[in-house]
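Participant: I'd like to ask some things about the structure below.
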Amino acid sequence: MEAAYCKDVPLLKIIRFVAQLTVTPVMVHVSSPEVTHAPKLEQQGQLLGQFDEKAFLSSKQLKAGEDPYREHAFNLQESDRLGSERVIRDTRHYRCASMTFDPDLPPTSIIITFHNEARSTLLRTIKSVLMRSPPHLIQEIILVDDFSSDPEDCRLLSQIPKVRCLRNERREGLIRSRVRGASAASASILTFLDSHCEVNADWLQPMIQRVKEDHTRVVSPIIDVISLDNFAYLAASADLRGGFDWSLHFKWEQIPIEQKMARNDPTQAIRTPVIAGGIFVMDKGWFNHLGQYDTHMDIWGGENFELSFRVWMCGGSLEILPCSRVGHVFRKRHPYDFPEGNALTYIKNTRRAAEVWMDEYKQYYYAARPSAQGKAFGSIADRLALKRKLNCNSFRWYLENVYPELKIPEQEAAYSLLKQGGLCLESHGTDSLGLAECKTAPSIPASQKWTLIEPQIRQHDLCLAITAFTAGSKVRLEPCNIKESRQKWKPRGPALQHMISGLCLDSQPPSGPPLVAQCRPQVTSQSWEPQLVT
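Mapping of the sequence shown onto this note's numbering: residues 600 to 1133, in sequence order.
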């Protein structure tokens, strides 16, 4: 895929990067003069202890004539030039600076997994945490070296105070490496970070505060973009949340207008259906209670959907906090190999998520990603058992209560006529419905074609809805919203019954618009015969 970016930061207005399997948020230029400063020399000595930063960085620098993008899929020459710390702009809303937090916030274990990460980028991630976090909130930084080519990375970084490094004996991937790091963590709060990040001012306190208030919350910062070319730090929009399509491809999307209007303070948390997955804070007990990660997923990809579905459906919530900002290098390609190939690994992982959590709606995943059909994904018996043990809600509940904006695709072969004898239910605009002579193929008009996907009766993006919950109320078409109770129907023999009111769709009198009435078995005006349109 292509990615658009801007090196001329003063002229930057809106930037959007679209990377393979990784989508970056929309960028906006921030004119605030506030910056987060690098520590003084004496403070750096306290941060790094006996760690020899100069020797660590100089031994792995780019040689003359080498392609700076080849090994890490970003400009290594520019990363090395920046060194291990720099001044970055405070990209938060100005009101964030006046926020207060409990004085007794619990400390956290920072978990960073890496595989052949550039030394300058990895060290900059670690130092940004140490520089821009209250020291009493950092219990430890746990690095998990996922079998990098050079074991010295792990050994040397362990010399930094508060840092300890665990090295895998073989390539495990991000998912199993994170589980190992979480199991080794001694703090009650877990903070997961990618290995090519820079945290911003006061990034940690808002997230720990939210988790302290409710241990079932999983919170993520707004993820700013660090340019893969010149390492410019670019502010992301504060009006975005995580979303996805039916192929389980993550995307950033605008906050729904209703949610935006309900937010009277730009510092308020943003509910999000899914998180990007690279950076978040979570209570360790809740992480373990929910089953950690699906460790049968490989390397990277899809784990954010599996975790997001599980959190929401099993009693928790997901939030993005506008007053927490972390920069991240978004790359156009993966710089490492997948044992089974990039695409196949992603399909396996997302198929496991769909099979466990999406119930009957997994059919739309397979329709959107037909290459997943027949691909091996391993046993999911333990994850299904976990779902039952936790008494989790259904995926329909998730669509109705968390992500009603996700449109359910129409099934090509599911167009039906709704017949009463030789007459068919027909629409004439959103407010006008009635019975008309049934047409036959190939001249059946769109106004007589209905898609029956319980609990909705649809015409494209419009759904049949009652106007009131009382007998005699008319029905009309309105934009589909799976959360809307007025749009919920179910078959009752030959009748179509509204699920909430218990009333049935009635064509009486035939010359007038349809309405809902008390259900009367065997009454012709309430008998609807779906006839498939082929």
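Built from N, CA and C at the ideal position, the CB exists for glycine as well. Fair warning: this is a prediction, and the values are worked out from it, not measured in the lab.
1) For A800, which option in A1116, T944 and S923 has the closest C-alpha, if you only look at C-alpha atoms?
2) Tell me the residue span of the alpha helix (DSSP H) that contains Q738.
3) What three-state label does DSSP hand W899 in the structure shown?
4) Could you please give the first and the last residue of the uninterrupted alpha helix (DSSP H) stretch that includes P805?
5) Compute the distance between the beta-carbons of T712 and S794, then report whether it is under 9 Å.
6) Just how far apart, CA to CA, sit R1057 and E1004?
7) So, does the region 1093 to 1111 touch the region 1035 to 1042, judging by three or more C-beta pairs under 8 Å?
8) I want to know whether the region 753 to 765 touches the region 803 to 820 - three or more CB-CB distances under 8 Å.
9) Tell me I1052's beta-bridge partners as DSSP assigns them.
10) Where does S1124 fall in DSSP's three states?
11) Going along the chain, which unbroken runs of the beta strand (DSSP E) with 3 or more residues stay wholly within the region 928 to 1000?
12) Measuring CB to CB, does A717 end up less than 9 Å from F673?
13) Helix or strand or just coil, what does DSSP make of A875?
14) Just reading off the alpha helix (DSSP H) that R723 is part of, what are its end residues?
15) Under 7 Å Cβ to Cβ from I822, same chain only, skipping five residues before and after it: list those, please.
16) Count the C-beta pairs between the region 769 to 779 and the region 694 to 708 that are closer than 8 Å, then say yes if the count reaches three, no if not.
17) Output needed for C913: all residues of its chain with C-beta closer than 7 Å, excluding positions within five of it in sequence on either side, in chain order.
18) Counting Cβ pairs closer than 8 Å, one from the region 1015 to 1035 and one from the region 1092 to 1109, do we hit at least three?
19) Judging by CA-CA distance, which residue of D864, A868, D838 and Y693 is the nearest neighbour of P855?
20) Going by beta-carbon coordinates alone, are R1091 and C1062 separated by less than 9 Å?
21) State yes or no: is the C-beta of F655 within less than 9 Å of the C-beta of L755?
22) Alpha carbon to alpha carbon, how far is F849 from R669? Give it in angstroms, no decimals.
23) What does the Cβ neighbour count give for L792, buried or exposed, with the cut at 16 atoms within 10 Å?
24) The alpha helix (DSSP H) with A783 in it runs from where to where?
25) Helix or strand or just coil, what does DSSP make of V629?
26) Taking C-alpha atoms, which residue in S657, K761 and E665 lies nearest to G648?
27) On the CB-based measure, 16 or more other CB atoms within 10 Å of its CB, does H1027 come out buried or exposed?
28) Relative to the C-alpha of N948, which candidate in H895, E684, K931 and Y963 has its C-alpha closest?
29) Could you tell me which residues DSSP puts in a beta bridge with S757?
30) Taking the beta carbon of G977 as the centre, do at least 16 other beta carbons fall within 10 Å, making it buried, or is it exposed?
31) Just to confirm, are F908 and M860 a CB contact at a threshold of 9 Å?
32) From the DSSP output, read off the bridge partner residues of P1129.
Facilitator: The structure says:
1) Within the sequence shown, the letter at position 201 stands for residue 800. The candidate whose alpha carbon is nearest that of A800 is S923.
2) Your numbering for residue 738 matches position 139 in the sequence shown. No alpha helix (DSSP H) contains Q738, which is instead part of the beta strand (DSSP E) from I737 to D744.
3) To locate residue 899, count along the sequence shown from 1; it is residue 300. Here W899 carries a coil assignment [DSSP, helix/strand/coil].
4) Position 206 of the sequence shown, counted from the start, is the residue given in the question as residue 805. That run of the alpha helix (DSSP H) goes L803 to E812.
5) By 1-based counting over the sequence shown, the position of residue 712 is 113. By 1-based counting over the sequence shown, the position of residue 794 is 195. In terms of Cβ geometry, T712 and S794 form a close pair [threshold 9 Å].
6) Taking the first residue of the sequence shown as 1, we reach residue 1057 at position 458. Taking the first residue of the sequence shown as 1, we reach residue 1004 at position 405. Going by the C-alpha atoms only, they are around 15 Å apart.
7) no
8) At 8 Å Cβ cutoff, the stretches do not touch.
9) Position 453 of the sequence shown, counting from 1, holds the residue named residue 1052. Partner(s): Q1055.
10) If you number the sequence shown from 1, residue 1124 lands on position 525. In this structure, S1124 counts as helix in the three-state DSSP scheme.
11) none
12) Locating residue 717 in the sequence shown gives position 118, counting from the first residue. Locating residue 673 in the sequence shown gives position 74, counting from the first residue. Yes.
13) Here the question's residue 875 lines up with position 276 in the sequence shown. Three-state DSSP puts A875 in coil, outside helix and strand.
14) For the purposes of this step, residue 723 is taken as residue 124 along the sequence shown, with counting starting at 1. Here the alpha helix (DSSP H) through R723 covers R718 to M730.
15) As a first step, residue 822 is located in the sequence shown; it is residue number 223 there, counting from the start. Excluding residues within five positions, the ones whose Cβ falls inside 7 Å are P624, A835, A875, I878, V925 and H927.
16) No: fewer than three Cβ pairs fall under 8 Å.
17) For the purposes of this step, residue 913 is taken as the residue at position 314 of the sequence shown. Excluding positions up to five away in sequence, the list reads L889, L989 and C991.
18) yes
19) Within the sequence shown, numbered from 1, the residue matching residue 855 stands at position 256. Measuring from the Cα of P855, the nearest candidate turns out to be D838.
20) Here residue 1091 refers to the residue found at position 492 of the sequence shown. Here residue 1062 refers to the residue found at position 463 of the sequence shown. Their beta carbons are not under 9 Å apart, which means R1091 does not touch C1062 by this criterion.
21) In the sequence shown, residue 655 corresponds to position 56, counting from 1. In the sequence shown, residue 755 corresponds to position 156, counting from 1. Contact flag set, yes.
22) The count along the sequence shown starts at 1 and reaches residue 669 at position 70. The count along the sequence shown starts at 1 and reaches residue 849 at position 250. Whole-angstrom Cα-Cα distance: 26 Å.
23) Within the sequence shown, the letter at position 193 stands for residue 792. With 16 or more Cβ atoms within 10 Å of its Cβ, L792 is classed as buried.
24) The sequence position of residue 783 within the sequence shown is 184, counting from 1. Per DSSP, A783 belongs to the alpha helix (DSSP H) from L773 to A783.
25) Translated into the one-based positions of the sequence shown, residue 629 becomes position 30. Caution is warranted here: a pLDDT of 41 is assigned to V629, below 50, making its placement in the model unreliable, and the coordinate value is therefore given only provisionally. DSSP places V629 in coil when its eight states are reduced to three.
26) Position 49 of the sequence shown holds residue 648. Ranking the options by Cα distance to G648, first place goes to K761.
27) The residue you call residue 1027 lines up with position 428 of the sequence shown. Exposed is the call here.
28) Residue mapping note: residue 948 aligns to position 349 of the sequence shown, counting from 1. Nearest option by C-alpha distance: H895.
29) Residue 757 sits at position 158 when you count from the first residue of the sequence shown. DSSP output for S757 lists no bridge partner at all.
30) Residue 977 sits at position 378 when you count from the first residue of the sequence shown. Exposed, since its Cβ has fewer than 16 Cβ neighbours within 10 Å.
31) Translated into the one-based positions of the sequence shown, residue 908 becomes position 309. Translated into the one-based positions of the sequence shown, residue 860 becomes position 261. If you check the CB distance, F908 and M860 do not come in under 9 Å.
32) Position 530 of the sequence shown, counted from the first residue, corresponds to residue 1129. Beta-bridge pairing links P1129 to L1017.
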